[in-house]
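K.L.:
Provided herewith is a single structure, encoded as structure tokens, for subsequent inquiry.
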Amino acid sequence: MEETSLLRLLFLISLLSCPTNQASLTVSPSSSQMFEGQSVSLSCEEDDSSAGWTLRRNTSRETRTQCGVAWGKTAGSLCKISYVAPWYSGVYWCESREGATSNSITITVTGGPVILQSPVLPVMEGEDLTLTCKTKMSSNLPAGFYKDDSFIRTEPAGHMTIHHVSRSDEGLYKCLISSVGESPPSWVSVTGEEVTFDFRSSFIQIFT
Ligand SMILES: *[C@@H]1O[C@H](CO)[C@@H](O)[C@H](O)[C@H]1NC(C)=O
């Protein structure tokens, strides 16, 4: 084996054995919009619980306030909110004692009669995106969907699916149910295809 190949192999091994210290934030129900009064739980899924992850948020009223201290209740790795109010709208994330952060999730709470259910996490390019327009009582009323304030189309059952999304589908979506009302807008982001580490081809590169 050449010396450079050996060095590359050692580098690869050091990368693979490097401890990861990451967390990802999930929310249940999985929706970026909620009605006032709903209960919600947020969870920091972490690799290393000794890192002291806390759940924090920024709202228009508060900065970096912590679950269990300023709002919500902690229950193990969950943060539970029994009643969301419109001023709970904001950005939520997990943060370790050392300051490492997870993905962040934007939550919009409305006191209005309509929400748009959109994915909380970015949608991968090529995947399908489904948006649901709902009232507290029903999720299959005819609804009009809008992107960046332009009308897209009316869906008779309140669900709109965009197949094989691309970057151009990224934007600010909202919906309207006539004679009921309009949802707040929510940003839907589309990310590039997932980068996967191909062991086989990296070994081939190392040994050729
Ligand atoms: C929260 O607010 C602080 C202060 O404005 C800002 O520095 C930080 O980037 C915000 N965090 C997120 C995740 O938006």
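With my numbering as the guide, the letters of the sequence shown map in order to residues 14 to 221. Ideal Cβ positions, reconstructed from N, Cα and C, are used throughout, including at glycine.
Three-state secondary structure (DSSP) at residue 180?
P.N.:
If you number the sequence shown from 1, residue 180 lands on position 167. Reduced to three states, the DSSP call for residue 180 is helix.
K.L.:
Can you tell me where the beta strand (DSSP E) holding residue 67 begins and where it ends?
P.N.:
Working through the sequence shown from its first residue, we reach residue 67 at position 54. Per DSSP, residue 67 belongs to the beta strand (DSSP E) from 67–72.
K.L.:
Can you tell me whether residue 106 sits near ligand 1, meaning its C-beta is under 7 Å from at least one heavy atom of the ligand?
P.N.:
Sequence index remark: in the sequence shown, residue 106 carries index 93 (1-based). Yes, ligand 1 has a heavy atom inside 7 Å of this Cβ.
K.L.:
Determine the DSSP secondary structure at residue 186, reduced to helix, strand or coil.
P.N.:
As a position in the sequence shown, residue 186 is number 173, starting the count at 1. Three-state DSSP puts residue 186 in a strand.
K.L.:
Relative to the alpha-carbon of residue 56, which residue among 117, 101 and 100 has its alpha-carbon at the smallest distance?
P.N.:
To locate residue 56, count along the sequence shown from 1; it is residue 43. Checking every option, the nearest Cα to that of residue 56 belongs to 117.
K.L.:
On the three-pair Cβ rule with 8 Å, is the stretch 189–202 touching the stretch 130–149?
P.N.:
Contact between the stretch 189–202 and the stretch 130–149 is present: 3 or more CB-CB pairs across the two stretches fall below 8 Å.
K.L.:
Does DSSP classify residue 96 as helix, strand or coil?
P.N.:
Here residue 96 refers to the residue found at position 83 of the sequence shown. Residue state, collapsed to three classes: coil.
K.L.:
Assuming contact is defined by CB atoms lying nearer than 8 Å, are residue 36 and residue 111 in contact in what I supplied?
P.N.:
Taking the sequence shown and counting its residues from 1, one reaches residue 36 at position 23. Taking the sequence shown and counting its residues from 1, one reaches residue 111 at position 98. Not in contact: residue 36 and residue 111 (Cβ atoms no closer than 8 Å).
K.L.:
How many Å lie between residue 152 and residue 59 at the Cα?
P.N.:
Against the sequence shown, residue 152 aligns to sequence position 139. Against the sequence shown, residue 59 aligns to sequence position 46. Cα to Cα, residue 152 sits roughly 33 Å from residue 59.
K.L.:
Please determine, among 145, 100 and 86, the residue with the shortest C-alpha to C-alpha distance to residue 43.
P.N.:
The residue you call residue 43 lines up with position 30 of the sequence shown. It is 145 whose Cα lies nearest to the Cα of residue 43.
K.L.:
At a threshold of 7 Å, does residue 71 count as lining ligand 1 (C-beta to nearest heavy atom)?
P.N.:
Working through the sequence shown from its first residue, we reach residue 71 at position 58. Residue 71: yes, Cβ under 7 Å from ligand 1.
K.L.:
Output needed for residue 96: all residues of its chain with C-beta closer than 6 Å, excluding positions within five of it in sequence on either side, in chain order.
P.N.:
Residue mapping note: residue 96 aligns to position 83 of the sequence shown, counting from 1. Counting only Cβ-Cβ distances below 6 Å, and skipping sequence neighbours, we find 50.
K.L.:
With C-beta atoms as the reference, is residue 115 less than 8 Å away from residue 38?
P.N.:
Mapped onto the sequence shown, residue 115 falls at position 102. Mapped onto the sequence shown, residue 38 falls at position 25. In contact: residue 115 and residue 38 (Cβ atoms closer than 8 Å).
K.L.:
For a test of the three-state rule: what should DSSP assign to residue 36, helix, strand or coil?
P.N.:
For this step, residue 36 is matched to residue 23 along the sequence shown. It is a strand residue.
K.L.:
Do you know offhand how far residue 204's Cα is from residue 124's?
P.N.:
To locate residue 204, count along the sequence shown from 1; it is residue 191. To locate residue 124, count along the sequence shown from 1; it is residue 111. One C-alpha to the other measures close to 31 Å.
K.L.:
Count the other C-beta atoms from every protein chain shown that fall within 10 angstroms of the C-beta of residue 30, then say buried if there are 16 or more, exposed otherwise.
P.N.:
In the sequence shown, residue 30 corresponds to position 17, counting from 1. Note that residue 30 has pLDDT 48, beneath the 50 cutoff, so the model's placement of it is unreliable and the number below is only indicative. Burial call: exposed.
K.L.:
If you draw a straight line from the alpha carbon of residue 32 to that of residue 101, how long is it in whole angstroms?
P.N.:
Position 19 of the sequence shown holds residue 32. Position 88 of the sequence shown holds residue 101. Confidence is the limiting factor: at residue 32 the pLDDT is only 47, short of 50, which leaves the residue's position unreliable, though a coordinate-based value still follows. Taking the straight line from one Cα to the other gives about 34 Å.
K.L.:
Need the endpoints of the beta strand (DSSP E) that residue 58 sits in, please.
P.N.:
Mapped onto the sequence shown, residue 58 falls at position 45. From DSSP, the beta strand (DSSP E) with residue 58 extends over 53–59.
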